[in-house]
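K.L.:
Oh and the sequence shown: position 102 is 187 in the numbering used here, straight run, nothing missing.
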Amino acid sequence: MFQQMFEAMNEMLDHLIEAYPTATGEQKAQFDEQLVMLKKMSDSLVEHWIDFEEKFSCFVEQHAAALEGTVTQMIPPPMLAMESSTELGEPPAKPSPAAEPAAPSPAKKPTAPPQTMHYANQAGKHEQVSAEEAYNAELDMEVPYEYAMMISKGQGYYKLFMFSNAATHFQSAVSYLPECNLARLYLAMTHMHLQNWSEAQRHFQLLVSLTDYPKWRALGYNALGCIQAIYMNLEQAEQFFLKAYETCPSFKDPLNNLKCCKETPQQLSLFFGSTELCCL
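1. Can you give me the C-alpha to C-alpha distance between M122 and E132, rounded to a whole angstrom?
2. Whose CA, out of Q313, N281, E320, I315, lies closest to the CA of S249?
3. Can you tell me which residues form a DSSP beta bridge with L340?
4. Taking its Cβ as the centre, do 16 or more other Cβ atoms sit within 10 Å of Q324, making it buried, or is it exposed?
5. Start and end of the alpha helix (DSSP H) containing G305?
6. Under a three-way DSSP split, which group does L52 fall into?
7. Decide if the segment 282 to 292 is in contact with the segment 304 to 316; the criterion is three or more beta carbon pairs, one per stretch, under 8 Å apart.
8. Are three or more beta carbon pairs between the segment 253 to 266 and the segment 329 to 349 nearer than 8 Å?
9. Since S354 contacts C345 with CB under 8 Å, what's their CB separation in whole angstroms?
10. For M247, does the three-state DSSP call read helix, strand or coil?
11. Determine the DSSP secondary structure at N318, reduced to helix, strand or coil.
12. Might you give, ordered along the chain, the residues of its own chain that have their beta carbon closer than 6 Å to the beta carbon of G305, omitting 5 neighbours on each side?
13. What three-state label does DSSP hand S335 in the structure shown?
14. As a quick exercise: from N307, L362, Y330, pick the residue whose alpha carbon is nearest that of F356.
15. Is any heavy atom in the ligand NAD found nearer than 7 Å to the beta carbon of Y243?
16. What do you get for E331, buried or exposed, if any count of 16 or more other CB atoms within 10 angstroms of its CB means buried?
17. What is the DSSP secondary structure of P106, reduced to helix, strand or coil?
18. So, is D297 buried or exposed, given that buried needs 16 or more other C-beta atoms within 10 angstroms?
19. Y232 and T275 - do their beta-carbons sit closer together than 8 Å?
20. Where do the N-terminal and C-terminal ends of the alpha helix (DSSP H) with H278 fall, by residue?
21. Measure how close the beta-carbons of K238 and E139 come, nearest whole angstrom, since I'm counting them as under 8 Å.
22. Is E111 helix, strand or coil when you go by DSSP?
23. Report the rounded CA-to-CA distance for E96 versus E103, giving the unit in angstroms.
24. Which two residues bound the contiguous alpha helix (DSSP H) that contains L291?
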């Protein structure tokens, strides 16, 4: 049933893609109505899918002890919120060659650059633990069911590039669980996609102060560097990119961003690091 529906939707969209550029008058108005209809159908399917995932996860959580066979491989909700282990930089993960769309260069320097923070001695504040221990500590955090579902639902929206919806759920989770670095990381990166630079900066500043996991701190430093570069504070941006690389040398985006700032400062093409969270 769903396959047939998606085939019909794709067929209609393919027709619109081909015919829309040359359409005029009444025909163009008709095409506009069809586009609106397709968008509404798509949004409705997404909402129903997320509701189904929530209900399904609730069932698995309630009946975990009774599940047998291959069903036991399903992840219960508290861990479902943590399932993006490879995307979030689990120690044995392989680096992804993909990169998110580059950030647009600002037309002019904003008149009110965001407040900056200095992290020269930040590393000394973090307890010397292995990357694997730090990563496990982040994911071993106990998250109440309803807040785990907020994170899980936010991840669903994030992976579908519905960032405004994702931000609502991540913000709710962070409000109730300010110590949950996973939710804060997603919230900060969501604000990057929404170009809410001040909010993104605030959460990344907190993240690099709170987490002991090098990969997440590197993501934070890299994003802070991107924000400074967007505001044309290139010297500060380069410091953040270097700090990100020193924190996690396997994370390559900071070096790419550093090269961009040095070679083409008037035409920035920045990598936020968001594909580390969403590699689908």
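Virtual Cβ for every residue (Gly too), placed ideally from N, Cα, C. Here the structure is a predicted model, which is why all the values come from computation and not from measurement.
P.N.:
In this structure, then:
1. Their Cα atoms are separated by approximately 16 Å.
2. Taking S249 as reference, the option from Q313, N281, E320, I315 with the minimal CA-CA separation is N281.
3. Bridge partners of L340: none, in fact.
4. Counting every other CB atom within 10 Å of its CB across the protein chains shown gives Q324 a total of 16 or more, marking it as buried.
5. Per DSSP, G305 belongs to the alpha helix (DSSP H) from 299 to 315.
6. Since the displayed the chain opens at 86 and closes at 365, residue 52 lies outside it and no answer follows.
7. Below 8 Å, enough C-beta pairs join the segment 282 to 292 and the segment 304 to 316 to call them touching: three or more.
8. Result no; under three Cβ-Cβ pairs closer than 8 Å.
9. Yes, S354 and C345 are in contact; Cβ-Cβ is about 6 Å, under 8 Å.
10. In the three-state scheme derived from DSSP, where H, G and I count as helix and E and B as strand, M247 is classed as coil.
11. Here N318 sits in coil by DSSP.
12. Correct list, in chain order: F289, L292, V293.
13. Here S335 sits in coil by DSSP.
14. Taking only the C-alpha atoms, the option nearest F356 is N307.
15. As for the ligand NAD, it is missing from this structure, which has no ligand bound.
16. E331 should be labelled exposed.
17. In this structure, P106 counts as helix in the three-state DSSP scheme.
18. Counting Cβ neighbours within 10 Å, D297 comes out buried, since at least 16 surround it.
19. Judged by beta-carbon spacing, Y232 lies beyond the 8 Å limit of T275, meaning their Cβ atoms are not closer than that value.
20. Run containing H278: 266 to 278, per the alpha helix (DSSP H) assignment.
21. Right, the Cβ-Cβ distance comes to about 6 Å (below 8 Å), so this counts as a contact.
22. Correct three-state label for E111: helix.
23. Spanning the two alpha carbons is a distance of roughly 11 Å.
24. Counting along the chain, L291 sits inside the alpha helix (DSSP H) bounded by residues 282 to 295.
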